[in-house]
Amino acid sequence: MFKNLIIGLLLSIIGVHAIAQEAVFTILASKGTCIVQRAENPDSYVPLESGLKIFKGDKIIVTGDESYVSLVTSEGKALEINKGGAFNTNKLEEQVNSNSNDVASKYVQYLAESLTKKSEQVNQQMGVTGSVERSWKKSELFVYAPKNSKVFSNEVTVRWKELSGTSEYNVQLLNMFDEVVFDENVNSSQISFSILDLDLQPTEVYKLIISSLSDPAKKSSVITLEVPSKDEVAKMQNEVKDIQQAFDANSALYNVVLATYFDKSGMYLNAMPLYQKAIETEPEVEAYQDLYNDFLFRVGLGDLSIY
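Going by this note's numbering, the sequence shown opens with residue 2, and the numbers climb by one from there.
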């Protein structure tokens with residue numbers, strides 16, 4: 002009887018401890034001097050890093066207004082701290098964005114999973130995609146775009162590296178029967194065209210080729226662009242709107258979550274500038290740089306990676 006009482010008491014204590022240790026936040030990214038003071042042991046200070054769990058009663062300490070922290074709840078609701086101070090988890094829970102929705106939460110959780118991967122997984126990815134990257138770089142004219150991508154926006158913009166001695170370029174878009182649907186000469190290193198104006202058909206795949214006007218042998222590799230179906234576009238328009246409503250459009254977190262959305266959807270041309278904008282907004286957040294590097298290696302653009 003006494004033995005059973007002791008066991009019951011121990012289980013009760015363990016249960017209370019488990020509840021007290023329930024994580025309320027997970028760190029997405031940080032920069033500067035940012036630490037957490039553990040409620041269980043106030044003498045314990047732990048530096049913040051991607052994937053670190055923050056528990057009830059913990060206090061996040063951010064030093065200086067140049068520091069930055071982004072974190073997410075277990076429900077996928079995200080929050081940014083971009084000012085100095087001491088922040089108790091109870092107060093932070095009250096500040097969580099009430100505009101969050103299922104779509105935004107889903108992709109914040111995707112983002113959290115990506116950011117908490119070990120750095121060795123990124124290195125493995127570099128090893129796997131290295132051959133893709135080298136073959137993609139063999140062409141004389143290098144395009145700053147994934148080799149294959151769906152396109153979400155009506156207007157598509159593609160940029161490339163200028164060729165020495167070349168001032169004009171020819172840009173052609175062909176359908177899968179090699180019929181030319183767009184042919185234009187430009188004297189810059191970028192081109193924009195409209196899917197609607199060119200009457201590009203939903204679910205069809207098109208081939209983009211860029212060459213030197215003075216020396217057509219100097220040309221890019223073929224880039225394939227897939228136009229989504231009307232149903233897919235309608236669905237994505239609603240989901241993008243949900244994500245836009247959940248975040249401040251000027252924040253790094255907004256850009257990196259929307260980039261994650263397009264990345265997961267195969268819309269790499271749309272994802273790429275959003276990853277870049279997130280890094281421009283918070284240039285010293287290594288976690289966002291690592292995420293972008295991983296993206297570049299996956300789509301065969303590893304030479305553009307940031308180190």
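C-beta: ideal position from N, C-alpha, C; glycine also.
How far does the alpha helix (DSSP H) with residue i in it reach, from first residue to last?
| i | result |
| --- | --- |
| K236 | K231 to A247 |
| V90 | Reading off the sequence, residue 90 comes out as Thr, not Val. From DSSP, the alpha helix (DSSP H) with T90 extends over T90 to Q96. |
| F298 | E287 to R299 |
| I280 | Y269 to T282 |
| L116 | D103 to L116 |
| T261 | A253 to K265 |
Given a cut-off of 8 Å, decide if residue j and residue i are closer than it, judged by their beta-carbon atoms.
| i | j | result |
| --- | --- | --- |
| K220 | I210 | yes |
| S215 | E185 | no |
| Y262 | I244 | yes |
| L302 | P203 | no |
| T167 | S213 | yes |
| P175 | L142 | Per the sequence presented here, residue 175 reads as Leu, with Pro not at that position. No, the Cβ-Cβ distance between L175 and L142 is not below 8 Å. |
| V104 | E240 | yes |
| L275 | N294 | no |
Only counting the same chain, and skipping five residues up and downstream in sequence, which positions put a Cβ closer than 6 Å to that of residue i?
| i | result |
| --- | --- |
| V73 | T27, L29, A79, V109 and A113 |
| A288 | A30, S51 and L116 |
| G267 | K151 |
| N149 | T225 |
For the beta strand (DSSP E) that residue i lies in, which residues bound it at each end?
| i | result |
| --- | --- |
| K151 | N149 to K151 |
| V47 | Y46 to P48 |
| S31 | A24 to Q38 |
| I55 | K54 to F56 |
| L226 | I224 to E227 |
| V157 | E156 to R160 |
Opposite residue i in the DSSP bridges: which residues?
| i | result |
| --- | --- |
| G86 | V63 |
| S190 | According to DSSP, which records beta bridges pairwise, S190 is partnered with nothing at all. |
| Q173 | D184 and I210 |
| A79 | V73 |
| K309 | In the structure as shown, the chain starts at 2 and stops at 308, and residue 309 therefore has no counterpart that could be examined. |
Please go through the same chain and pick out, in chain order, the residues whose beta-carbon is closer than 8 Å to the beta-carbon of residue i, but skip the five residues on each side of it.
| i | result |
| --- | --- |
| L53 | T27, I28, V37 and V47 |
| S252 | E81 and T282 |
Within 7 Å: the Cβ of residue i and any heavy atom of the ligand NAD?
| i | result |
| --- | --- |
| F248 | With respect to the ligand NAD, the structure offers nothing, as it holds no ligand at all. |
With a cut-off of 8 Å on the beta carbons, I'd call residue i and residue j a contact; round off their distance for me.
| i | j | result |
| --- | --- | --- |
| K32 | S68 | 6 Å |
| F88 | K60 | 7 Å |
| W161 | S190 | 5 Å |
| K57 | T34 | With 8 Å as the limit, K57 and T34 do not qualify as a contact, their Cβ atoms being about 24 Å apart. |
| A279 | N98 | About 17 Å; that fails the 8 Å criterion. |
| Y145 | L305 | 7 Å |
| S71 | L254 | 5 Å |
| L199 | F183 | 6 Å |
Excluding the 5 residues preceding and the 5 following residue i in the sequence, name in chain order all residues of the same chain whose CB lies nearer than 7 Å to its CB.
| i | result |
| --- | --- |
| Y111 | T261 and K265 |
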